[in-house]
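Trainee:
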Amino acid sequence: MKEEKLFLRKGIAILATACMMLNLILFVPYGAKAAVGEKKTGLKSHVMTGYWQNFDNGAKCLKISDVPKEYNLIAVAFASSTSVPGKVTFQLDGTLCQRLGGYSKRQFIKEIKAAKKKGQRVIISVGGENGTVSVSNAKEAKRFADSVFKLMKEYSFDGVDIDLEHGIHAKYMEKALRRLSKKAGKSLIITMAPQTLDMQNTKTEYFKLALKIKDILTIVNTQYYNSGSMLGADGKVYSQGSVDFLTALAAIQLENGLRPDQVGIGVPASEKGAGSGYVNPSVVNKALNCLARGKKGGSYKPKKKYKKLRGAMCWSINWDAADGYKFLKKVSPTVAKLP
Numbered sequence: 130m131k132e133e134k135l136f137l138r139k140g141i142a143i144l145a146t147a148c149m150m151l152n153l154i155l156f157v158p159y160g161a162k163a164a165v166g167e168k169k170t171g172l173k174s175h176v177m178t179g180y181w182q183n184f185d186n187g188a189k190c191l192k193i194s195d196v197p198k199e200y201n202l203i204a205v206a207f208a209s210s211t212s213v214p215g216k217v218t219f220q221l222d223g224t225l226c227q228r229l230g231g232y233s234k235r236q237f238i239k240e241i242k243a244a245k246k247k248g249q250r251v252i253i254s255v256g257g258e259n260g261t262v263s264v265s266n267a268k269e270a271k272r273f274a275d276s277v278f279k280l281m282k283e284y285s286f287d288g289v290d291i292d293l294e295h296g297i298h299a300k301y302m303e304k305a306l307r308r309l310s311k312k313a314g315k316s317l318i319i320t321m322a323p324q325t326l327d328m329q330n331t332k333t334e335y336f337k338l339a340l341k342i343k344d345i346l347t348i349v350n351t352q353y354y355n356s357g358s359m360l361g362a363d364g365k366v367y368s369q370g371s372v373d374f375l376t377a378l379a380a381i382q383l384e385n386g387l388r389p390d391q392v393g394i395g396v397p398a399s400e401k402g403a404g405s406g407y408v409n410p411s412v413v414n415k416a417l418n419c420l421a422r423g424k425k426g427g428s429y430k431p432k433k434k435y436k437k438l439r440g441a442m443c444w445s446i447n448w449d450a451a452d453g454y455k456f457l458k459k460v461s462p463t464v465a466k467l468p
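The opening residue of the sequence shown carries number 130 in the numbering used here; numbering runs sequentially from there.
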């Protein structure tokens, strides 16, 4: 009888411990959950994203090893379409390789792996201004996912950036990215770089896509440049090149379903980085502090403080390098100290 009671007490103790463990698992605070997710991608709480140009357009030609570690997310631009609809491919630009003294695929991959050891992450960007990638049916979605995954394995990329500037089909791009997510696992990084018009409201295809894949989406870095005047979250019209343009348009995403940690501010690194819309790095800092800390920006005032705002993006690392890394030097300290 004593043995039975002892056995019963032990059983109750084990059950109580199990319940406590389950309680901890089920009721982890929201912030702790986010931290676990980011641990899987390897990204920091706040991110400086920069595009690495796989071509020579007058900006400074760089190897991956030349990219400062403060750019903790490097987007290699760009993967391109093939003769097979939906399928994408990538190879180093021959002219760029010559400019860099014979940069090889082997060295490129080796440097990507070295960058990752330093804490940086490297993704492949698909599309760009001249890109013609299209995913408009289930077969093309499968080809897109499979070809991107192949590039990830081949080059050691950590994920994909969707920069399709000539239209997307949210339904089939979602299928593609979910298939890619299943193949790549929870460490997959998915970013998007829509133009301002693409994120004016939740009915646009880009915004639909962002909301459809919210559970696997890492960051949306809207391009707040090469744009006409746009509506802000308050319904007022704002012109590019101002702090209000950055804050009022970013607030549309923040007020309509995206988490603060999924929103970044995309700008040109220098005046040569875009046809229009350049702002001084101090304006970017003012916008970040306005959105995340509630500090005064321009005339637009956000409804609340968006703590955990993800950070900033620039086009491009190469143009920043050509300008003495002025953008990185001024903006990265602000991004790193965001709440």
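Virtual Cβ for every residue (Gly too), placed ideally from N, Cα, C.
All figures in this text were calculated on a predicted structure; none of them were measured in a lab.
Roughly how many angstroms separate the alpha carbons of residue 236 and residue 206, rounded to a whole number?
Mentor: Straight-line Cα distance between these residues: approximately 17 Å.
Trainee: How would you label residue 325, buried or exposed, when you count the other beta carbons within 10 angstroms and need 16 or more for buried?
Mentor: With 16 or more Cβ atoms within 10 Å of its Cβ, residue 325 is classed as buried.
Trainee: Residue 369 and residue 405 look like a contact to me (Cβ under 8 Å); what is the Cβ gap, rounded to whole Å?
Mentor: Yes, residue 369 and residue 405 are in contact; Cβ-Cβ is about 6 Å, under 8 Å.
Trainee: Which ranges would you report for the beta strand (DSSP E) in the region 329-393 if only whole runs of at least 3 residues count?
Mentor: Correct list: 348-352.
Trainee: Would the beta-carbon of residue 176 fall within 7 Å of that of residue 440?
Mentor: It is a contact, given that the beta carbons lie within the stated cut-off.
Trainee: If we count the other Cβ atoms within 10 Å of its Cβ and call it buried at 16 or more, is residue 295 buried or exposed?
Mentor: When all chains shown are included, residue 295 counts as exposed.
Trainee: Please name the residue, chosen from 400, 170, 285 and 263, that lies closest to residue 239 on a Cα-to-Cα basis.
Mentor: It is 285 whose Cα lies nearest to the Cα of residue 239.
Trainee: Any idea which residues DSSP pairs residue 443 with across the strands?
Mentor: Answer by DSSP bridge pairing, in chain order: 179 and 396.
Trainee: Determine the DSSP secondary structure at residue 233, reduced to helix, strand or coil.
Mentor: Residue state, collapsed to three classes: coil.
Trainee: Expressed to the nearest angstrom, what Euclidean distance is found between the alpha-carbon atoms of residue 456 and residue 379?
Mentor: Going from the Cα of residue 456 to the Cα of residue 379 covers about 20 Å.
Trainee: Within the same chain, show all residues whose beta-carbon is closer than 8 Å to that of residue 280, passing over the 5 residues directly before and after it, in chain order.
Mentor: Same-chain partners within the cutoff: 208, 217, 218, 219, 253 and 286.
Trainee: Out of 316, 347, 360 and 232, which one is the CA nearest neighbour of residue 322?
Mentor: Checked all of 316, 347, 360 and 232; the closest Cα to residue 322 is 347.
Trainee: Using a Cβ-Cβ cut-off of 6 Å (strictly less than) and excluding sequence neighbours within five positions of residue 273, which residues of its own chain qualify?
Mentor: Hits under 6 Å: 215, 264 and 305.
Trainee: Looking at residue 426: is its Cβ nearer than 7 Å to the Cβ of residue 415?
Mentor: Cβ atoms of residue 426 and residue 415: closer than 7 Å.
Trainee: Three-state secondary structure (DSSP) at residue 463?
Mentor: Helix at residue 463.
Trainee: Would you decide whether residue 350 is buried or exposed? Buried here means 16 or more other CB atoms lie within 10 Å of its CB.
Mentor: With 16 or more Cβ atoms within 10 Å of its Cβ, residue 350 is classed as buried.
Trainee: Tell me whether residue 448 sits in a helix, a strand or coil according to DSSP, three-state version.
Mentor: The answer is helix: DSSP assigns residue 448 an H, G or I state.
Trainee: Per DSSP, residue 208 forms a beta bridge with which residues?
Mentor: DSSP output for residue 208 lists 255 as bridge partner(s).
Trainee: Would DSSP call residue 220 helix, strand or coil?
Mentor: Three-state result, residue 220: coil.
Trainee: Once you ignore the five residues that flank residue 247 on each side, which residues in its own chain have a CB closer than 7 Å to its CB?
Mentor: Excluding residues within five positions, the ones whose Cβ falls inside 7 Å are 198.
Trainee: Just the Cα atoms here: how many angstroms apart are residue 327 and residue 227?
Mentor: Distance between the alpha carbons of residue 327 and residue 227 is about 37 Å.
Trainee: Quick one: what does DSSP say residue 320 is sitting in, helix, strand or coil?
Mentor: Looking at residue 320 - three-state DSSP - the assignment turns out to be strand.
Trainee: Could you tell me how far apart the beta carbons of residue 449 and residue 371 are, in whole angstroms, since I believe they sit closer than 8 Å?
Mentor: The pair is not a contact, with the Cβ atoms about 21 Å apart (cut-off 8 Å).
Trainee: Taking the runs of the beta strand (DSSP E) that are 3 residues or longer, which of them lie wholly in the region 233-307?
Mentor: List check, beta strand (DSSP E) in window: 250-257 and 288-293.
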